[in-house]
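Numbered according to our numbering, the sequence shown terminates at residue 625, and the numbering increases by one at each position without gaps. Have a look at the structure below before the remarks.
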Amino acid sequence: MIFRELNRVKCKTYLVACEETRKALLIDPVRDFLDRYFGVLAYFGLTLDGVVDTHTHADHRTASFALHDLTGAPVIMHRRAPAPHVARHVEHGERIEVGRLALEILYTPGHTPDGISVYAGDRVFTGDTLLIKGTGRSDFAGGYLGAQYDGITEKLFRLPDETLVFPAHDYRGNTSSTIGEEKRSNPRVAGRSREAYVDLMNNLGLPLPEKIQEALQANQSAIEDESLQFMITHHQTRRGWNDFVRISLALSRKSSLQQAGLNNMRLGGKYKGLANLPEAKHIDVRQEIAYLAGACPRNVSKVKTILEKGHLRLIEACQDGVVTVHRALQFCRLPQAQQVEAFSRYLNKRSSDKTARHSIAKLRLERIRPTTGDLLHALQQLESREPGSIEIRASTRKKTIILLGEDNWNDVSALAEMGTA
Numbered sequence: 205m206i207f208r209e210l211n212r213v214k215c216k217t218y219l220v221a222c223e224e225t226r227k228a229l230l231i232d233p234v235r236d237f238l239d240r241y242f243g244v245l246a247y248f249g250l251t252l253d254g255v256v257d258t259h260t261h262a263d264h265r266t267a268s269f270a271l272h273d274l275t276g277a278p279v280i281m282h283r284r285a286p287a288p289h290v291a292r293h294v295e296h297g298e299r300i301e302v303g304r305l306a307l308e309i310l311y312t313p314g315h316t317p318d319g320i321s322v323y324a325g326d327r328v329f330t331g332d333t334l335l336i337k338g339t340g341r342s343d344f345a346g347g348y349l350g351a352q353y354d355g356i357t358e359k360l361f362r363l364p365d366e367t368l369v370f371p372a373h374d375y376r377g378n379t380s381s382t383i384g385e386e387k388r389s390n391p392r393v394a395g396r397s398r399e400a401y402v403d404l405m406n407n408l409g410l411p412l413p414e415k416i417q418e419a420l421q422a423n424q425s426a427i428e429d430e431s432l433q434f435m436i437t438h439h440q441t442r443r444g445w446n447d448f449v450r451i452s453l454a455l456s457r458k459s460s461l462q463q464a465g466l467n468n469m470r471l472g473g474k475y476k477g478l479a480n481l482p483e484a485k486h487i488d489v490r491q492e493i494a495y496l497a498g499a500c501p502r503n504v505s506k507v508k509t510i511l512e513k514g515h516l517r518l519i520e521a522c523q524d525g526v527v528t529v530h531r532a533l534q535f536c537r538l539p540q541a542q543q544v545e546a547f548s549r550y551l552n553k554r555s556s557d558k559t560a561r562h563s564i565a566k567l568r569l570e571r572i573r574p575t576t577g578d579l580l581h582a583l584q585q586l587e588s589r590e591p592g593s594i595e596i597r598a599s600t601r602k603k604t605i606i607l608l609g610e611d612n613w614n615d616v617s618a619l620a621e622m623g624t625a
């Protein structure tokens, strides 16, 4: 394996290449160092075979999409990455082949919803999830400290202790660590419970990175001018492109649209509404975002609230189409710690309601109509024999409906038949 860290600054970019085939992979490239990357590839006689971003970066512009445009190398990110120009979306456990080298993807979200680590046998590239004597912050939209702790302790810390750790950032002059060293002495994780870790990280009070909006806007939308055309071209509803996904992408244009609105004001127009002067363009930021996403303007505000206040599990459910935007917004009125519990109850109730509907349809088809008295007597006997086997639940229906689980149907029907004999 040919291996180099290329940037020599706080933001790290790693070159991994196969000596035999001369195929190379770049991990977390930074746009400011494009010339250096091409120089190193040429010096070693390497062909760029792929580019990996371990997550959507908030502190610098990625070089991934520029490298793809210039070399054709595919951009590889997790399935939850919002950027549209990703050639390959990966999941936990998938492998990336670079010549004769095989690298494994570990899904380690928390810093961002799309965070991954790349395991290369004797070393692991941890992105911003696990740093040397530290961990990445999780206070951006979609960040979730609990998931970050789980990813570190249940995936990264289960690698062999001698595994080398190479993070995407280092602010203290370190170049690498090991899994064993971080397990023993990382001050944010070592010896801490999940709750203690969350409490510690929630009270760090870190300032936001400089130019965060500029970096996120570009990294989430690939190349700014092309991202507009991309979203406009993909208005139509199709599998994997629900309202939540399209609006999330379109929101990356919010900053530039707001700037256009301010420019409009300087020309004598209004920030929203009709312009007072011919040269002042009419700008309504929410309406423009809705147009890009092909969605209702009211849903733009809802999605923004979900991204800001929603639990990671709730955001994932929206992306997968498991829950509607309107329903998810109702959960966001709760603290994040309570959202998961309320969402689980909702899913369980929905599953129960579905079972009930199917059971009613089955009873109608089978034309089963035992008398009410016999059935109630049978249920009473069953409950006395197996306490807790009968569940009573309030309903909004005007009629009283008795539903029987498959496990109890034979017993109850037999008892009912005995009552009528």
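We treat Cβ as the ideally placed atom computed from N, Cα and C, and that holds for glycine. Note that the coordinates shown come from a computational prediction; the quantities given were computed from them, not determined experimentally.
DSSP three-state label for Leu349, please. Reduced to three states, the DSSP call for Leu349 is helix.
Can you list, in chain order, the residues of its chain whose CB lies under 8 Å from that of Glu366, leaving out five sequence neighbours each side? Within the same chain, Glu366 has close Cβ partners Asp326, Thr382, Ile383 and Gly384.
Exercise. Tell me which same chain residues have a C-beta within less than 7 Å of the C-beta of Ala499, skipping the five on either side of it?
Worked result: Beyond the five residues adjoining it in sequence on each side, Ala499 comes within less than 7 Å, by CB distance, of Asp447, Arg450 and Ile451 in the same chain, given in chain order.
**Request:** Might you give, ordered along the chain, the residues of its own chain that have their beta carbon closer than 6 Å to the beta carbon of Pro501, omitting 5 neighbours on each side?
**Result:** The answer, listed in chain order, is Arg490, Gln491 and Ala494.
By DSSP, does Ile336 sit in helix, in strand, or in coil?
It is coil, neither helix nor strand.
Check your understanding: Quick one: any contact between the region 260-268 and the region 291-301, if contact means 3 or more CB pairs under 8 Å?
Key -> Short answer: they don't touch.
Closest by C-alpha distance to Asp263, when choosing among Ala400, Asn378, Val504 and Ala372: Checking every option, the nearest Cα to that of Asp263 belongs to Ala372.
Check your understanding: Can you tell which of Lys216, Met281, Gly249 and Leu271 has the C-alpha that lies nearest to the C-alpha of Thr260?
Key -> It is Met281 whose Cα lies nearest to the Cα of Thr260.
Residue ranges of each beta strand (DSSP E) within the region 351-385, 3 or longer = Segments of the beta strand (DSSP E) lying fully in the region 351-385: 368-371.
Gly577 (DSSP reduced to helix, strand or coil)
Three-state DSSP puts Gly577 in a helix.
Short of 6 Å in beta carbon distance, which residues of its chain neighbour Thr339, apart from the five on each side in sequence? Order them along the chain.
Closer than 6 Å at the Cβ level, and outside the excluded window around Thr339, lie Arg392.
On the CB-based measure, 16 or more other CB atoms within 10 Å of its CB, does Arg292 come out buried or exposed? So Arg292 counts as exposed.
**Request:** Leaving aside the five residues before and after Ala521 along the sequence, list all residues of the same chain whose C-beta is less than 8 Å from its C-beta, in chain order.
**Result:** Residues Val527, Ala532 and Phe547 of the same chain have their beta carbon placed closer than 8 Å to that of Ala521, with the five preceding and five following residues left out of the count.
- Just how far apart, CA to CA, sit Pro628 and Ala285? Residue coverage of the chain in this structure runs from 205 to 625, which leaves residue 628 outside it and unanswerable.
Use the C-beta contact count for His543: other C-beta atoms within 10 angstroms, 16 or more gives buried, fewer gives exposed.
-> Note that residue 543 is Gln in the sequence shown, not His. Classification for Gln543: buried.
Practice item. Compute the beta-carbon to beta-carbon distance between Leu271 and Leu230, rounded to the nearest angstrom, for a pair I have assumed lies under 8 Å. Key: About 7 Å separates the two Cβ atoms, so the contact holds.
### Query
What does His698 pair with, by DSSP beta-bridge criteria?
Residue 698 lies beyond the residue range present for the chain, which begins at 205 and ends at 625; the question has no answer from this structure.
With a 10 Å radius around its C-beta and 16 neighbouring C-beta atoms as the bar for buried, classify Tyr353 as buried or exposed. Buried, because 16 or more other Cβ atoms sit within 10 Å of the Cβ of Tyr353.
In the DSSP assignment, the beta strand (DSSP E) including Ser321 goes from what residue to what residue? Start and end: Ile320 to Tyr323.
- prompt: Going by beta carbon distance, what residues of the same chain come within less than 8 Å of Arg226, once the five residues before and after it are set aside?
  reply: These residues qualify, in order along the chain: Phe248, Gly249, Leu250, Thr251 and Gly303.
C-beta atoms of Gly355 and Gly319 nearer than 9 Å
Result yes, Cβ atoms of Gly355 and Gly319 sit closer than 9 Å.
Considering Cα atoms alone, identify which of Leu334, His315, Leu335 and Glu308 is closest to Val322.
It is Glu308.
Do you know whose CA, among Ala497, Ala228, Val213 and Cys222, lies nearest Asp236's CA? Residue nearest to Asp236 within the set Ala497, Ala228, Val213 and Cys222 is Val213 (criterion: CA-CA distance).
Which stretch, first to last residue, makes up the beta strand (DSSP E) that contains Arg327? Arg327 to Gly331 is the span of the beta strand (DSSP E), which, as asked, contains Arg327.
task: Using only alpha-carbon positions, find the residue among Arg341, Ala246 and Pro591 that is nearest to Asn407.
output: Comparing Cα positions, the closest option is Arg341.
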